[in-house]
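Here is the structure we will look at, set down as structure tokens.
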Amino acid sequence: MSYPEIRPRRLRRNAAVRRLVSETRVDPAELVVPMFVKEGLTEPRAVASLPGVLQHSRDSLRKAAVEAVQAGVGGIMLFGVPATRDETGSGGIDPDGILNVAIRDVIAEVGDATVVMSDLCLDEFTSHGHCGVLTPDGAVDNDATLTEYARMAVAQADAGVHMVGPSGMMDGQVGVVRRALDAAGHQDVSVLAYAVKYASAFFGPFRDAVESALEGDRRTYQQDPANLRESLREVELDVAEGADMVMVKPALPYLDVVAAVRAAVDVPVAAYQVSGEYAMVEAAAANGWIDRERTILETLTSIRRAGAQIILTYWAVEAAQLLRQRY
Ligand code: PBG
1 MSYPEIRPRR
11 LRRNAAVRRL
21 VSETRVDPAE
31 LVVPMFVKEG
41 LTEPRAVASL
51 PGVLQHSRDS
61 LRKAAVEAVQ
71 AGVGGIMLFG
81 VPATRDETGS
91 GGIDPDGILN
101 VAIRDVIAEV
111 GDATVVMSDL
121 CLDEFTSHGH
131 CGVLTPDGAV
141 DNDATLTEYA
151 RMAVAQADAG
161 VHMVGPSGMM
171 DGQVGVVRRA
181 LDAAGHQDVS
191 VLAYAVKYAS
201 AFFGPFRDAV
211 ESALEGDRRT
221 YQQDPANLRE
231 SLREVELDVA
241 EGADMVMVKP
251 ALPYLDVVAA
261 VRAAVDVPVA
271 AYQVSGEYAM
281 VEAAAANGWI
291 DRERTILETL
301 TSIRRAGAQI
311 ILTYWAVEAA
321 QLLRQRY
């Protein structure tokens with residue numbers, strides 16, 4: 001103790017001073033809740049590997065959207081689970097497809113009270129589970145997929161969505177979607193680009209939630225977890241193509257990537273705390289091995305501290321409630 005006057009612990013001595021000097025706060029307005037809706041369901045159904053997350057019926061989705069708005073979340077990201085699938089994922093483009101119907105339902109219910117977003121990808125709608133259409137020899141055909149994404153974007157915008165989230169990692173997807181939206185008179189619909197998306201094992205439980213048909217993997221279009229510089233190239237391209245916001249996904253195992261992306265661009269940066277991140281915490285908490293609420297808030301704070309302004313998380317509604325009690 002040669003310098004007794006320098007004592008960092010003075011600013012930790014009680015809750016009041018800790019609150020005063022806290023560098024990072026998570027605001028419910030910056031949380032986005034992903035929601036699943038399944039065609040043909042009359043009652044919501046639990047997803048075994050995502051305890052607390054539901055596959056909604058159209059009715060229960062509307063109610064959940066209202067609850068999310070009441071909790072103060074900043075947005076809702078919609079995913080559709082169709083009853084039938086085909087080679088080209090035509091259910092994503094059909095105005096009567098489950099995701100487009102759900103967008104209409106949610107917009108009718110909550111209007112502009114929160115930001116309504118939709119996943120723009122074919123994997124939930126294709127019989128083979130890939131994010132794009134296939135060539136005759138089974139490879140994912142980048143440019144043929146872009147044509148489908150353009151149509152899907154317009155269908156979602158026609159349904160009233162505020163923001164589309166192209167998540168298929170095809171080259172050029174943001175530019176194609178932006179042009180298609182503009183050509184259809186949807187200049188106001190914004191694009192949240194899944195700019196950085198790794199071929200991650202952490203997506204496992206999501207694939208249960210959407211009953212994914214995928215066999216094999218997505219390594220020819222999603223990124224290698226080993227790469228950071230590649231992410232900065234992806235982000236630069238997406239911003240140049242007209243992305244209004246960019247996202248990094250998954251979140252917690254990639255905080256270095258979040259920080260680097262934050263430093264590289266001026267558009268809002270989002271991070272997606274994915275299904276496997278959620279499932280790990282829920283499983284450990286269910287065993288009594290960690291304190292569930294503290295862990296949830298710590299993960300969100302860490303993602304925020306790394307530089308993500310917006311966080312997609314399955315805990316959004318609960319976390320919004322917890323945060324209101326806290327501040
Ligand atoms: C693709 C998509 C995926 C997720 C969001 N959008 C799955 C994938 O790429 O396989 C994963 C989200 C999560 O794990 O929570 N439509």
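Using the numbering used here, the first residue of the sequence shown is number 1, and each one after it goes up by one.
In this text, a Cβ means the ideal position worked out from N, Cα and C, and glycines have one as well.
What you are looking at is a predicted structure, and each value in this text was computed from that prediction instead of being measured.
For residue i, the residue or residues it bridges with in DSSP
i: S118; result: L78 and V164
i: V246; result: A193 and V269
i: A46; result: L54
i: I310; result: A270
i: D224; result: The partner list for D224 (beta bridge, DSSP) is empty, contrary to what the question assumes.
i: L134; result: V140
i: T126; result: D86
N-terminal and C-terminal residue of the beta strand (DSSP E) that residue i is part of
i: S190; result: S190 to K197
i: Q70; result: Q70 -> not in any beta strand (DSSP E); alpha helix (DSSP H) instead, spanning R58 to A71.
i: Y272; result: V269 to Y272
i: L31; result: L31 to K38
i: I103; result: Premise fails: I103 lies in the alpha helix (DSSP H), I98 to V110, not in any beta strand (DSSP E).
Assigned exposure category for residue i - 16 Cβ within 10 Å defines buried
i: T135; result: exposed
i: V17; result: exposed
i: L192; result: buried
i: R368; result: No answer is possible for residue 368: it lies beyond the span of the chain, which begins at 1 and ends at 327.
i: R218; result: buried
i: Q325; result: exposed
i: L20; result: exposed
i: W315; result: buried
i: N14; result: exposed
i: T42; result: exposed
i: K38; result: buried
i: R85; result: buried
i: K197; result: buried
i: A270; result: buried
i: L11; result: exposed
i: N287; result: exposed
i: K249; result: buried
i: I303; result: buried
i: D119; result: buried
i: Q187; result: exposed
i: T145; result: buried
i: Q223; result: buried
i: I6; result: exposed
i: E67; result: exposed
Any C-beta of chain E under 8 angstroms from that of residue i
i: G75; result: The structure shown contains no chain E, having only a single protein chain.
Residue i Cβ short of 7 angstroms to the ligand PBG heavy atom set
i: R218; result: yes
i: E282; result: no
i: V32; result: no
i: G80; result: no
i: D94; result: no
i: S167; result: yes
i: E124; result: yes
i: G333; result: Coverage of the chain is limited to positions 1 through 327, which leaves residue 333 absent and any answer about it impossible.
i: D119; result: yes
i: F36; result: no
i: R85; result: no
i: R233; result: no
i: R207; result: yes
Host alpha helix (DSSP H) of residue i (start-end)
i: I303; result: R292 to A306
i: R326; result: A316 to R326
i: M280; result: S275 to A286
i: A213; result: No alpha helix (DSSP H) holds A213; DSSP gives it neither H nor E.
i: S200; result: S200 -> no alpha helix (DSSP H), and no H or E assigned at all.
i: E5; result: First-last for E5: undefined, no H or E at that position.
i: E236; result: R229 to A240
i: A183; result: Q173 to A183
i: A263; result: L255 to A264
i: V17; result: A15 to V21
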